[in-house]
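Going down the list, the protein sequences come from chains A and B.
Letter by letter, the first sequence follows residues 1 to 447 in the UniProt record's numbering.
Letter by letter, the second sequence follows residues 1 to 447 in the UniProt record's numbering.
Protein chains: 2
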Amino acid sequence: MKKRDEQLHLGAFIYYTGHHSAGWRHPDSGVEQMFDIQLYKKLAQTAERGKFDMMFFADLLYVYGVDQAASGMLEPLTLLSALSQVTERIGLTATVSTTYSEPYNVARKFASLDFISGGRAGWNIVTSQQDIEANNYGKDKHPEHGLRYEMAREFVDVVTQLWDSWEDDALVLDREKGQFADPAKVTAIDYKGKWYSSKGPLNVPRPPQGYPVLIQAGSSGPGQDFAASIGEVVFTAQQSLAAAQTFYSEVHAKLAKYGRTDQELRIMPGLSPILGDTVEEAQRKYQELQALIPPDAAVRLLSGMLSFDLSSYPVDEELPDIPDPVEASNGMKSRIQLIMDMARKEKLSILELGRRILGARGHMQFVGTPEQLVDLMENWFHSYGCDGFNIMPPVLPDDLTDFVDKVIPILQQRGLFRDEYTGTTLREHLGLARPQVGHFRQAAVTS
Amino acid sequence: MKKRDEQLHLGAFIYYTGHHSAGWRHPDSGVEQMFDIQLYKKLAQTAERGKFDMMFFADLLYVYGVDQAASGMLEPLTLLSALSQVTERIGLTATVSTTYSEPYNVARKFASLDFISGGRAGWNIVTSQQDIEANNYGKDKHPEHGLRYEMAREFVDVVTQLWDSWEDDALVLDREKGQFADPAKVTAIDYKGKWYSSKGPLNVPRPPQGYPVLIQAGSSGPGQDFAASIGEVVFTAQQSLAAAQTFYSEVHAKLAKYGRTDQELRIMPGLSPILGDTVEEAQRKYQELQALIPPDAAVRLLSGMLSFDLSSYPVDEELPDIPDPVEASNGMKSRIQLIMDMARKEKLSILELGRRILGARGHMQFVGTPEQLVDLMENWFHSYGCDGFNIMPPVLPDDLTDFVDKVIPILQQRGLFRDEYTGTTLREHLGLARPQVGHFRQAAVTS
């Protein structure tokens, strides 16, 4: 059995002004500051006060439904670079799509962030989801699901090889001899792939962490293999402990195929906590938030997710038969399956289902007291359901502050979470070794 | 005649650890900190203490000659985002190539920087120079000079239209009604060009400055037209007042063709000052720096610039005949012409020419006292040679500190430079109006 870390790992997931889709309408939301660095500074400093392993910024490459939904996001790497100067320890991780970027640019930006933050950078590798994103980049269609992962795997190969293109001791800086770097230790990678090519070397030395931490969020079949091959942190949506345990063991079982060990992976499901001093208070807050979701937004979202227009069906009846929604969707396959299962099992109406999904967006929605939440977290952690959680406060900034003030102290009392940072880099927080040059190249060869 | 700004404008040009190619070998250079944010923080805070209009970060998309030359650069937007949090007023401008980026990404990154800096962002639009850059991005050849400008013009069209895709008052943020933005004021751009397409809208609202300031550095024929059509600041290499005056009047004469007025443009030549309390001291420092340039590096650079291998020619003789070097070069056409003229006129040997160019890299090299430097700056400014200068300290950080401590006070005493910032945005520092939605689109239609 895998040797567990002694304590769990926590990410602070930042998505608009709260993970709940109507969270921005709540009186506690900071929506007026959504494009103001002061909000993000407050969030980062709060999370750091709570000793979180990392900030985790989501990203989307389009705007949608600006009439009703909070939409538009400051570019996450821009935010993280700024936040690196107003924090000292917390990890800084952001989503960047492989489908709409250039490997050389991505390698360089994360290397640069790793330098300016003193080794606190992490990259959440996604492949994007929608045609609407392709359209912003001069393409008609978003590439098909399997193809995107094939491209992404190659993209990551190029990026890690570019990070390796300077050896750790390549810099000489000998003023007297006039030698800046050892040319034998700064070498072209001459990568020629099916989708991407790059000569290299990168124009930035090897990052302080070797590689910024590689985070991966796909939980479908190809997603799991991608995660097993290069994911150091896997972010996933799991609705029950049983499902989480299955996922946990399945991904770990695939590691050996890629020449990797159990110690190189941390699995962190999303968890959106709605907290109250009593269960009733938490329930009240949950109902308040759910009622803020406009019915047509719920139906529209559900239609979009299922690639099936539900607008002509009565909202208080169950879903009609939908021809193969998992296959029809080119997006988040594993998430769609979860939704369909939930709808059938609980006999939810279209509106209930739509609001349920929009609320926590497919992730685990917890409603209860801080003690109950810690019970759940402890149980999942000790039962091999996860190595930690990506915490998704429904309303920002206040629900993050609440978590730090009310949940973190209980976790600490039970010895489940650090009292102080012991390391300075994100890898140290996560207990991940610094990769040697060629680390994932070797893994790829083994596969 | 153009109504002049009352005072001149200054940029602090950051290039490796000094503009002089061997500057990193000087004892005062901060080369050990070249990948450490502390160096850039010091530079930014020094320039802000000097009330500079802006920091100006160069960029290259490759490494070259790591054995002898300072090489590799942290990605400039990463640096500027970080510096936005440790400065309050100074403009933050960076070079980003249109040839190796996506318009949607560039629009979003600069918009985000403009938000987090409170309206201090500027984009130095370049098209890159070398095949070695193309190779890092999966291409064999760098596009030809004229084509690059054609592509760049379209790229900038897409980016400015994306910045305009949210009207200034699009955000509603009405919690009660559940309206986030007015959908009539957030519109697709449906741009379909020859080289770039993007549907839009951007996923960030219109930036605080309307558009981040557009900076342009091409001084050749197509470069001048590009500058006249969209450049708000033009950065140029000029070796004499007469040449600078010609350039100044030529670019201004082209503005009307693009529907623009004299007040929309600021021309800022590069100026690399080597200072001493006496002329002799400055000369000594200049000679010291020049002697640090390795002879083979000088020959190699010159060969590269002229696209002609000089390695078999004696370094102490004049240049051989080179077949049409300006045409052969696909890079900096106007710079090559300057170099050839200088070589013939002064009968320089290959080594002298190579070292001369490597020293100031084609920009004006001043050697003398602070008083003499201010005389020159005043003369150029009052004689319509420029609206200010992009200051290129040969050795960083110390020569920037010197400039701030020794030159700025004289400029201020003569009323040539601000004592304090009066505005908060870069546009305000530069005296540039905030563009209305559609500003450059209109200009394009007129052309």
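Don't be surprised by glycine CBs; every beta carbon is placed ideally from N, CA and C.
Note that the coordinates shown come from a computational prediction; the quantities given were computed from them, not determined experimentally.
>> Using a 10 Å radius around the Cβ and a threshold of 16 neighbouring Cβ atoms, would you call B:ASP225 buried or exposed?
In response: Within a 10 Å sphere around the beta-carbon of B:ASP225 sit 16 or more other beta-carbons, which makes this residue buried.
>> So, for A:ILE293: in the same chain, excluding its five sequence neighbours on each side, which residues have a beta-carbon less than 8 Å away from its beta-carbon?
In response: If we look at A:ILE293 and ignore the five residues flanking it on each side, its Cβ neighbours are SER21, ALA22, GLY354, ARG355, LEU358 and GLY359.
> Any beta-carbon of chain A closer than 8 Å to the one on B:VAL299?
Replying inline: With 8 Å as the cut-off, B:VAL299 does not count as an interface residue toward chain A.
> By Cβ distance below 8 Å, which residues in the same chain neighbour B:VAL279 in space, the five residues on each side in sequence not counted?
Replying inline: VAL367, GLY368, THR369 and GLN372, listed in sequence order.
> For A:THR46 versus A:MET34, is the C-beta distance shorter than 8 Å?
Replying inline: Result no, Cβ atoms of A:THR46 and A:MET34 do not sit closer than 8 Å.
>> Which runs of the alpha helix (DSSP H) at least 4 residues long sit entirely within the stretch 320–390 of chain A? Give them in chain order.
In response: Taken in chain order, the whole alpha helix (DSSP H) runs of length 4 or more contained in the stretch 320–390 of chain A are 325–328, 333–346, 350–360 and 370–382.
> chain B beta carbons: is any one of them nearer than 8 Å to that of A:PRO294?
Replying inline: Among the CB atoms of chain B, one or more fall inside 8 Å of the CB of A:PRO294.
> B:PRO205 versus chain A: which residues are under 8 Å apart at the beta carbon?
Replying inline: Residues of chain A with a Cβ closer than 8 Å to the Cβ of B:PRO205 are, in chain order, PHE35 and GLY72.
>> For a cutoff of 8 Å on Cβ pairs, would you count B:PRO394 as touching chain A?
In response: Output row for B:PRO394: interface = no.
> Can the beta-carbon of B:THR78 be found closer than 8 Å to that of A:ILE116?
Replying inline: Closer than 8 Å, so yes.
> Given 8 Å as the limit, is there contact between the stretch 124–137 of chain B and the stretch 57–66 of chain B, that is, 3 or more CB pairs closer than that?
Replying inline: Yes, the stretch 124–137 of chain B is in contact with the stretch 57–66 of chain B.
> Using a C-beta to C-beta distance shorter than 7 Å, which residues of chain A count as neighbours of B:GLY138?
Replying inline: TYR196, SER197 and SER198, listed in chain order.
> Where in the stretch 417–444 of chain A do unbroken runs of the beta strand (DSSP E), each at least 3 residues long, occur, reported from the N-terminal end onward?
Replying inline: Those beta strand (DSSP E) runs which fall completely within the stretch 417–444 of chain A and span 3+ residues do not exist here.
>> For B:GLN179, would you say it is in contact with chain A, using Cβ-to-Cβ distances shorter than 8 Å as the test?
In response: With 8 Å as the cut-off, B:GLN179 counts as an interface residue toward chain A.
>> Can you look up B:THR446 in the DSSP assignment and give me helix, strand or coil?
In response: Residue confidence is low: B:THR446 scores 44 on pLDDT, short of 50, so the model does not pin down where it sits. Its coordinate-derived value is still stated next. Secondary structure of B:THR446 (DSSP, three-state): helix.
>> Under 8 Å: do the stretch 81–97 of chain B and the stretch 65–72 of chain B share three or more Cβ pairs, one atom per stretch?
In response: No: fewer than three Cβ pairs fall under 8 Å.
>> Quick check: is the beta carbon of B:ARG148 nearer than 8 Å to any beta carbon in chain A?
In response: It does not; no Cβ of chain A falls within 8 Å.
>> Restricting to Cα atoms, I'd like to know which of A:LYS406, A:MET342, A:MET340 and A:TRP24 is closest to B:ASP174.
In response: Closest option to B:ASP174, judged by alpha-carbon separation, among A:LYS406, A:MET342, A:MET340 and A:TRP24: A:TRP24.
> chain A beta carbons: is any one of them nearer than 8 Å to that of B:TRP123?
Replying inline: It does not: the Cβ of B:TRP123 has no partner Cβ on chain A nearer than 8 Å.
> Counting Cβ pairs closer than 8 Å, one from the stretch 309–328 of chain A and one from the stretch 337–344 of chain A, do we hit at least three?
Replying inline: Between the stretch 309–328 of chain A and the stretch 337–344 of chain A there are three or more inter-stretch CB-CB distances shorter than 8 Å, so the stretches are counted as touching.
>> Considering only their Cβ atoms, is the gap separating B:ILE267 from B:THR236 smaller than 8 Å?
In response: Judged by their CB atoms, B:THR236 and B:ILE267 are nearer to each other than the 8 Å cut-off.
>> At the level of alpha carbons, what is the spacing between B:LEU28 and B:VAL63?
In response: Sequence inspection shows Asp at residue 28 of chain B; the Leu mentioned does not correspond to that position. Whole-angstrom Cα-Cα distance: 23 Å.
>> Am I right that B:LYS2 and B:HIS252 are in contact with their C-beta atoms under 8 Å? What's the rounded C-beta distance?
In response: Correct: roughly 7 Å between the Cβ atoms.
> What is the C-beta distance between A:GLY193 and A:ASP157, in whole angstroms, given that I count them as a contact (C-beta under 8 Å)?
Replying inline: With a Cβ gap of about 7 Å, A:GLY193 and A:ASP157 count as contacting.
> If you draw a straight line from the alpha carbon of A:LEU10 to that of B:GLU144, how long is it in whole angstroms?
Replying inline: For A:LEU10 and B:GLU144, the gap between their C-alpha atoms comes out near 50 Å.
>> Rounded to the nearest angstrom, what separates B:VAL437 and B:SER303 at their Cα positions?
In response: Between B:VAL437 and B:SER303, the C-alpha separation is close to 46 Å.
> With contact counted as at least three CB pairs below 8 Å, one residue from each stretch, are the stretch 403–419 of chain B and the stretch 283–292 of chain B in contact?
Replying inline: Below 8 Å, too few C-beta pairs join the stretch 403–419 of chain B and the stretch 283–292 of chain B to call them touching: fewer than three.
>> Suppose the cutoff is 8 Å on Cβ atoms and the five residues either side in sequence are ignored; what does the same chain contact list for A:GLY53 look like?
In response: Looking at the sequence provided, one finds Asp at residue 53 of chain A rather than Gly. The residues HIS9, LEU10, GLY11, ILE90, GLY91, GLY388, LEU426, HIS429 and LEU430, in chain order, have a CB closer than 8 Å to that of A:ASP53 in the same chain once the five nearest residues on each side in sequence are set aside.
>> Using only the alpha-carbon positions, how far apart do A:SER101 and B:LEU411 sit?
In response: The straight-line gap from Cα to Cα measures roughly 45 Å.
>> I'd like the list of long-range same chain contacts for A:ASP399, defined as Cβ closer than 6 Å, with 5 residues on each side in sequence excluded.
In response: Cβ within range, chain order: PRO393.
>> Within a Cβ cutoff of 8 Å, which residues of the same chain sit near A:PRO409, ignoring the five residues on either side of it in sequence?
In response: Cβ within range, chain order: n/a, list empty.
>> Suppose the cutoff is 7 Å on Cβ atoms and the five residues either side in sequence are ignored; what does the same chain contact list for B:VAL170 look like?
In response: It is worth fixing the name first, because residue 170 of chain B is Ala in this sequence and not Val. Apart from sequence neighbours up to five positions away, the residues of its chain that approach B:ALA170 with a beta-carbon distance below 7 Å are ALA181, ASP182, LYS185, VAL186 and PRO205, ordered along the chain.
> Do you know how far the Cα of A:PRO212 is from the Cα of A:GLY119?
Replying inline: Between A:GLY119 and A:PRO212, the C-alpha separation is close to 7 Å.
>> If the criterion is Cβ atoms closer than 8 Å, does the pair B:ASN135 and B:LEU241 meet it?
In response: In this structure, B:LEU241 does not lie closer than 8 Å to B:ASN135 by Cβ.
> Which class does B:ALA228 belong to by DSSP, given the choice of helix, strand or coil?
Replying inline: Note: B:ALA228 maps to helix in three-state DSSP.
> Using a Cβ-Cβ cut-off of 7 Å (strictly less than) and excluding sequence neighbours within five positions of B:VAL106, which residues of its own chain qualify?
Replying inline: Excluding residues within five positions, the ones whose Cβ falls inside 7 Å are VAL96 and VAL159.
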